[in-house]
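The numbering used here puts the first residue of the sequence shown at 5, with every later residue one more than the last. Ideal placement from N, C-alpha and C gives every residue a C-beta, glycine not left out. None of the values given here were measured: they were computed from a predicted structure. Written out below as structure tokens is the structure these notes cover.
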Amino acid sequence: MPAPKDVSQLRAFLGLINFYGNFVKDLHNLRAPLDALTKKDAVYTWTPECQSSFDKIKTILNSDLVLTHYDPNLPIIVAADASNYGIGATLSHRFPDGSEKVVYHASRCLTPAQKNYSQIEKEALALIFAVQKLHRFVHGRHFTLKTDHKPLVAIFGNKKGIPVYSANRLQRWATMLLNYDFAIEYVNTKDFGQVDALSRLIASHSSTPEEYVIANVDVDVTAEFVENCRHLPVSTETIRTATKDDQIIKKVIDYTKSGKWPRLIAILPSGTTATDGIL
Numbered sequence: 005m006p007a008p009k010d011v012s013q014l015r016a017f018l019g020l021i022n023f024y025g026n027f028v029k030d031l032h033n034l035r036a037p038l039d040a041l042t043k044k045d046a047v048y049t050w051t052p053e054c055q056s057s058f059d060k061i062k063t064i065l066n067s068d069l070v071l072t073h074y075d076p077n078l079p080i081i082v083a084a085d086a087s088n089y090g091i092g093a094t095l096s097h098r099f100p101d102g103s104e105k106v107v108y109h110a111s112r113c114l115t116p117a118q119k120n121y122s123q124i125e126k127e128a129l130a131l132i133f134a135v136q137k138l139h140r141f142v143h144g145r146h147f148t149l150k151t152d153h154k155p156l157v158a159i160f161g162n163k164k165g166i167p168v169y170s171a172n173r174l175q176r177w178a179t180m181l182l183n184y185d186f187a188i189e190y191v192n193t194k195d196f197g198q199v200d201a202l203s204r205l206i207a208s209h210s211s212t213p214e215e216y217v218i219a220n221v222d223v224d225v226t227a228e229f230v231e232n233c234r235h236l237p238v239s240t241e242t243i244r245t246a247t248k249d250d251q252i253i254k255k256v257i258d259y260t261k262s263g264k265w266p267r268l269i270a271i272l273p274s275g276t277t278a279t280d281g282i283l
């Protein structure tokens with residue numbers, strides 16, 4: 005973890021301290037030089053004293069004091085967050101006293117193409133990254149998925165189906181998440197320090213080719229979608245045959261192919277397609 009380069013990164017690091025300070029005695033006492041840089045009108049100058057404080061805190065954060073062992077009998081929490089240049093994730097346990105302790109950290113830089121994603125897509129990518137990275141811990145078990153981006157709760161938490169207004173990329177990712185048993189939960193950013201810092205304080209930029217990283221997510225999502233379709237209770241031939249007997253759907257297919265819709269519904273079917281007799 006590199007030293008913060010500006011106040012924004014420093015605040016993210018201090019948020020990390022706020023979270024882990026509940027488990028490590030005197031951790032807050034080491035942060036005074038860092039707090040001074042966040043005061044109003046303070047000039048951001050990284051001094052040897054700041055570096056010393058940062059190194060001591062980082063040593064503690066890297067120790068076993070702030071982590072716990074994975075226990076399949078404890079409630080599982082997966083949290084993920086995105087910044088403009090990175091994504092981070094944590095796997096945690098919730099203990100009987102209500103406290104949460106981290107088991108595993110993960111983070112990586114965004115590729116140049118991913119940096120151009122909208123913020124909601126970056127936040128969604130962080131969730132997908134988290135679930136894929138922690139697959140062996142969460143697949144087949146119920147877990148809580150935490151995000152500080154509220155719109156994703158409606159998109160990924162909708163038990164009635166994926167909202168039709170979602171972008172194609174979000175719809176593909178939502179389809180992938182159908183393989184997991186989770187409840188999604190919104191967390192205010194100020195209480196999300198343990199993940200926010202991971203997405204902002206990344207040691208080095210990714211050297212992985214952009215095409216490979218994007219394909220790693222998109223190919224996995226496509227494979228999951230195809231595999232799910234194979235296990236559906238109906239086949240494309242069954243749908244095609246039933247469509248031929250449905251006069252209403254046949255009309256909709258004709259409208260779709262010709263592009264000539266009745267005036268009363270002309271504003272509705274912008275996302276409608278028909279392929280091989282299937283709507």
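When the Cα atoms are used, proline 52 and aspartate 45 turn out to be separated by approximately 21 Å. In the three-state reduction of the DSSP assignment, alanine 40 falls in the helix class. The Cβ atoms of tyrosine 190 and lysine 154 lie closer than 8 Å to each other. Secondary structure remark: continuous beta strand (DSSP E) runs of at least 3 residues inside the segment 83 to 119, in chain order: 90 to 98 and 104 to 113. Beta-bridge annotation (DSSP): isoleucine 124 is not paired with any residue. If you look at leucine 181, you'll find it in the alpha helix (DSSP H) that goes 172 to 181. Per the DSSP secondary-structure output, lysine 150 pairs in a beta bridge with Ala83 and Glu189. In the structure shown, the three-state DSSP call for leucine 71 is strand. For aspartate 59, the three-state secondary structure derived from DSSP is helix. When C-alpha distances from cysteine 54 are compared across Thr115, Asp85, Ile91 and Asp10, the shortest belongs to Asp10. Aspartate 101 and threonine 72 have their alpha carbons spaced roughly 15 Å apart.
Closest in C-alpha terms to tyrosine 74, from the list Leu95, Asp85, Gly161 and Phe58, comes Leu95. For lysine 194, the closest C-alpha among the options Arg15, Pro6 and Pro116 is that of Arg15. Residues of the same chain with a CB within less than 7 Å of the CB of alanine 86, apart from the 5 flanking positions on each side, are Lys126, Glu127, Leu129, Ala130 and Ser203 in chain order. Straight across, the Cα-Cα distance linking glycine 92 with glutamine 136 is about 12 Å.
In this model, arginine 173 and isoleucine 124 are separated by some 11 Å (Cα to Cα). The shortest C-alpha to C-alpha distance from serine 103 to any of Ala84, Val256 and Leu78 is the one to Leu78.
Residue environment: glycine 19 is assigned as buried (16 or more neighbouring CB atoms within 10 Å of its CB, all protein chains considered). Taking a C-beta distance under 8 Å as the contact criterion, valine 82 and leucine 182 do not qualify as a contact pair.
Residue state for serine 262 is assigned as helix, using DSSP reduced to three classes.
Here phenylalanine 147 really is in contact with isoleucine 80; their C-beta atoms are around 4 Å apart, less than 8 Å. Residue state for phenylalanine 196 is assigned as coil, using DSSP reduced to three classes. In the three-state reduction of the DSSP assignment, histidine 139 falls in the helix class.
Proline 155: member of the alpha helix (DSSP H) spanning 155 to 160, first to last residue.
Here DSSP, grouped into helix, strand and coil, assigns proline 52 to helix. A residue is called buried once 16 or more other Cβ atoms fall within 10 Å of its Cβ, and glycine 263, having fewer, is exposed. Put simply, of Gly144, Ala117 and Asn88 the residue whose alpha carbon is nearest the alpha carbon of serine 12 is Asn88. Put simply, the backbone Cα of lysine 43 is about 15 Å away from that of phenylalanine 17.
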